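J.: Let me begin by handing over the structure; questions about it come next.
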Ligand code: KE4
């Protein structure tokens with residue numbers, strides 16, 4: 222046993238540090254027990270890779286076992302050990318109206334009684350399409366799919382077909398789902414797991430994906446100069462949520478629009494996370510920029526598997542069956558997911574929805590910054606609408622390389638300290654956080670008070 226422990230310590234001494242962090246903090250908050258989650262994770266890991274159906278959920282980057290959720294309501298989630306948490310993951314964005322919203326549930330239950338999916342068109346899809354186009358005026362047409370990955374893969378296929386070019390530009394640390402051509406220097410779980418260039422992606426595929434640093438307009442211009450007639454599209458998270466929260470510097474997005482126009486490439490805003498999260502019209506409305514194509518997801522499905530891509534009519538008309546670019550999906554636009562999305566958009570479009578959400582989210586990050594400042598901890602934070610992020614460094618954070626300079630050990634201690642006090646943050650230093658309409662001012666004040674308590678101990 223002793224030899225085993227010595228070997229373990231020799232091979233990864235930081236494990237001891239992490240173990241001590243967790244044990245020390247658990248001692249401080251002894252009441253938190255997660256034995257049922259631990260057993261559930263062991264059981265899941267026998268039959269599901271890594272015990273989870275999406276890597277970032279595995280808590281790998283915070284060196285611990287994930288909590289298994291039993292239920293959620295409003296701003297709260299409960300794990301299977303009965304621990305209650307104020308939830309700032311919100312299923313990574315969709316739960317913007319709060320978990321298990323009564324009106325959403327009623328609408329979903331009612332429509333499901335008429336059948337869950339038909340594989341045939343319904344008027345509900347047309348209704349949601351008009352709703353999305355109403356809020357995102359850059360979109361003349363939209364196609365519904367079942368995930369953000371599917372939306373981003375499809376939109377690039379259309380862009381390549383329309384321009385008859387092969388290369389695409391993406392930004393280091395941005396994540397656009399796990400499509401082969403996009404798993405190059407990707408953010409989110411890929412960055413968290415340290416595999417931004419996944420095995421299994423053929424070199425030929427990756428070679429058509431050009432990556433540049435976020436906020437570096439000069440590097441983008443140089444890439445266009447290097448391949449003046451080969452770049453089909455540039456895809457970007459117009460506010461990054463997958464390297465932590467990173468905002469475009471003034472003029473950056475406008476510069477991308479001008480470069481795409483100059484070189485005949487299509488500008489694609491991946492607003493899967495930011496669409497209907499930072500505001501009704503997404504980042505494109507905030508900045509008054511008209512991308513050629515947009516990807517949406519998360520909020521527009523209200524938590525059900527629904528995403529979308531769309532944009533200029535002349536481009537989208539290329540999509541089968543109106544055009545030759547094939548894209549299909551058994552469950553695309555199914556009535557249950559569409560109804561969940563319709564009811565969610567109806568709620569988020571109510572007057573004051575985003576002004577209240579924005580105020581609460583700003584209250585949170587101002588409180589976190591104040592707590593860090595009072596405790597003398599290098600820290601920076603930012604938010605837009607109901608989306609926020611923070612880094613354990615003084616910043617500024619303008620790109621993924623900057624983000625990686627953060628103190629991840631501090632983040633881990635903070636994460637566990639907050640989790641053990643009943644606050645569920647994203648289990649990764651390279652993710653954004655999300656506030657919902659169900660988060661009260663009391664929730665925010667409590668979170669800030671607990672954060673101050675944890676930061677005292679950092
Ligand atoms: P999905 O395939 O996970 O529905 O969407 C992919 C995607 C595309 N574009 C952006 C900007 C995204 O943020 C995402 C997915 N976001 C992550 C969270 N950072 C989903 C969480 C997960 O991978 O489990």
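Residue numbers (the numbering used here): 222 to 679. Idealized CB from N, CA, C, for every residue including glycine. In this text, all values refer to a predicted model and were calculated from it rather than measured experimentally.
(1) Give me whichever residues DSSP pairs with residue 461 in a beta bridge.
(2) Starting from the N-terminal side, write out each stretch of the alpha helix (DSSP H) that is 4 residues or longer and does not extend beyond the stretch 502–528.
(3) Need the endpoints of the alpha helix (DSSP H) that residue 446 sits in, please.
(4) What does DSSP give as the partner residue(s) for residue 403 in the beta ladder?
(5) For residue 469, count neighbouring C-beta atoms within 10 Å of its own C-beta (all shown protein chains included) and say buried if the count is 16 or more, exposed if not.
(6) Looking at the structure shown, is residue 250 part of a helix, part of a strand, or coil, going by DSSP?
(7) Going by DSSP, which residues form a beta bridge with residue 320?
(8) Would the stretch 360–372 and the stretch 575–589 be scored as touching if the rule is three or more Cβ pairs under 8 Å?
(9) Between residue 370 and residue 397, what straight-line distance do the alpha-carbon atoms span, to the nearest angstrom?
(10) Which of the three DSSP states, helix, strand or coil, is assigned to residue 546?
(11) What runs of the alpha helix (DSSP H), each 4 residues or longer, lie entirely inside the stretch 346–427?
(12) Distance check for residue 269 and residue 339, CA to CA, integer angstroms please.
(13) Whole alpha helix (DSSP H) runs in the stretch 547–624 with 4 or more residues, listed along the chain?
(14) By DSSP's criteria, residue 644 is part of a beta bridge. Which residues make up the other side?
(15) Compare the C-beta of residue 526 against all C-beta atoms of chain C and say whether one is closer than 8 Å.
(16) Whole angstroms is fine: what's the gap from residue 609's alpha carbon to residue 463's?
(17) Flag this pair as touching only if the stretch 393–407 and the stretch 417–436 have three or more C-beta atom pairs under 8 Å; answer yes or no.
(18) Looking only at its chain, what residues have a beta carbon closer than 8 Å to the beta carbon of residue 448, apart from the 5 residues adjacent to it on each side?
(19) Once you ignore the five residues that flank residue 321 on each side, which residues in its own chain have a CB closer than 7 Å to its CB?
(20) Between which residues of its own chain and residue 411 is the CB-CB distance below 7 Å, once the five residues before and five after are set aside?
(21) To the nearest whole angstrom, what separates the beta carbons of residue 674 and residue 642, a pair I think is in contact under 8 Å?
(22) What separation, rounded to the nearest whole angstrom, lies between the Cα atoms of residue 483 and residue 477?
(23) Let me confirm a value: residue 248 is counted as buried when at least 16 other C-beta atoms fall within 10 Å, else exposed. Which label applies?
(24) From what residue to what residue does the beta strand (DSSP E) around residue 451 run?
(25) Once DSSP output is grouped into helix, strand and coil, what is the label at residue 492?
(26) What did DSSP end up calling residue 338 once you bin it into helix, strand or coil?
(27) Is residue 555 near the ligand KE4, with its Cβ less than 7 Å from a heavy atom?
(28) If you drop the 5 nearest sequence neighbours on each side, which residues of the same chain put their C-beta closer than 6 Å to that of residue 513?
(29) Using the beta-carbon count (16 or more within 10 Å), is residue 306 buried or exposed?
(30) Would you check if there are 3 or more beta carbon pairs closer than 8 Å linking the stretch 325–342 to the stretch 554–565?
(31) For residue 656 and residue 645, I'd like the C-alpha separation in whole angstroms.
(32) With 16 as the cutoff for other CB atoms within 10 Å, does residue 184 come out buried or exposed?
(33) Check the C-beta distance from residue 258 over to residue 288 and give it rounded, since I have them as a contact under 8 Å.
T.: Taking the structure as given:
(1) Against the chain shown, residue 461 aligns to sequence position 240. DSSP output for residue 461 lists 467 as bridge partner(s).
(2) 503–508
(3) Your numbering for residue 446 matches position 225 in the chain shown. Where residue 446 is concerned, the enclosing alpha helix (DSSP H) stretches over 438–447.
(4) Within the chain shown, numbered from 1, the residue matching residue 403 stands at position 182. Paired residues: none, contrary to the question.
(5) The count along the chain shown starts at 1 and reaches residue 469 at position 248. Buried, since its Cβ has 16 or more Cβ neighbours within 10 Å.
(6) Within the chain shown, the letter at position 29 stands for residue 250. Because residue 250 carries a pLDDT of 46, less than 50, the predicted location of this residue cannot be relied on, and no value is offered for it.
(7) As a first step, residue 320 is located in the chain shown; it is residue number 99 there, counting from the start. Bridge partners of residue 320: 295.
(8) no
(9) Walking along the chain shown from the start, residue 370 turns up at place 149. Walking along the chain shown from the start, residue 397 turns up at place 176. Looking at the two C-alpha atoms, the distance is approximately 6 Å.
(10) The sequence position of residue 546 within the chain shown is 325, counting from 1. Three-state DSSP puts residue 546 in a strand.
(11) 369–384 and 409–413
(12) One-based indexing of the chain shown puts residue 339 at position 118. One-based indexing of the chain shown puts residue 269 at position 48. For residue 339 and residue 269, the distance between alpha carbons rounds to 30 Å.
(13) 556–569, 574–595 and 621–624
(14) Here residue 644 refers to the residue found at position 423 when the chain shown is read from its first residue. Residue 644 pairs with 307.
(15) No chain C appears in this structure, which consists of one protein chain only.
(16) In the chain shown, the residue the question calls residue 609 occupies position 388. In the chain shown, the residue the question calls residue 463 occupies position 242. Straight-line Cα distance between these residues: approximately 11 Å.
(17) yes
(18) Locating residue 448 in the chain shown gives position 227, counting from the first residue. Excluding residues within five positions, the ones whose Cβ falls inside 8 Å are 388 and 431.
(19) Against the chain shown, residue 321 aligns to sequence position 100. 293 and 294, listed in sequence order.
(20) On the chain shown, residue 411 is found 190 positions in, with the first residue counted as 1. So the qualifying residues of the chain are 396, 404, 417 and 419.
(21) Residue mapping note: residue 674 aligns to position 453 of the chain shown, counting from 1. Residue mapping note: residue 642 aligns to position 421 of the chain shown, counting from 1. At roughly 7 Å, the Cβ-Cβ gap stays under 8 Å, so residue 674 and residue 642 are in contact.
(22) As a position in the chain shown, residue 483 is number 262, starting the count at 1. As a position in the chain shown, residue 477 is number 256, starting the count at 1. Using only the alpha carbons, I get a separation of about 10 Å.
(23) Within the chain shown, the letter at position 27 stands for residue 248. Model confidence at residue 248 stands at a pLDDT of 46, short of 50, so the residue's coordinates are unreliable and nothing is read from them.
(24) Sequence index remark: in the chain shown, residue 451 carries index 230 (1-based). Segment: none, residue 451 is in no beta strand (DSSP E) and carries neither H nor E.
(25) Position 271 of the chain shown, counted from the first residue, corresponds to residue 492. Three-state DSSP puts residue 492 in a strand.
(26) Start at 1 with the first residue of the chain shown, and residue 338 comes out as number 117. Correct three-state label for residue 338: coil.
(27) Sequence index remark: in the chain shown, residue 555 carries index 334 (1-based). Checking the Cβ of residue 555 against the ligand KE4 gives no.
(28) Here the question's residue 513 lines up with position 292 in the chain shown. Taken in chain order, the residues that qualify are 487, 488, 532 and 533.
(29) In the chain shown, the residue the question calls residue 306 occupies position 85. By the neighbour-count rule (16 or more Cβ atoms within 10 Å), residue 306 is buried.
(30) yes
(31) To locate residue 656, count along the chain shown from 1; it is residue 435. To locate residue 645, count along the chain shown from 1; it is residue 424. Their backbone Cα atoms lie some 12 Å apart in a straight line.
(32) For residue 184 there is no data in the structure shown, the boundaries of the chain being 222 and 679.
(33) Counted from its first residue, the chain shown places residue 258 at position 37. Counted from its first residue, the chain shown places residue 288 at position 67. Going by Cβ atoms, the distance from residue 258 to residue 288 rounds to 5 Å, so yes, they are a contact pair.
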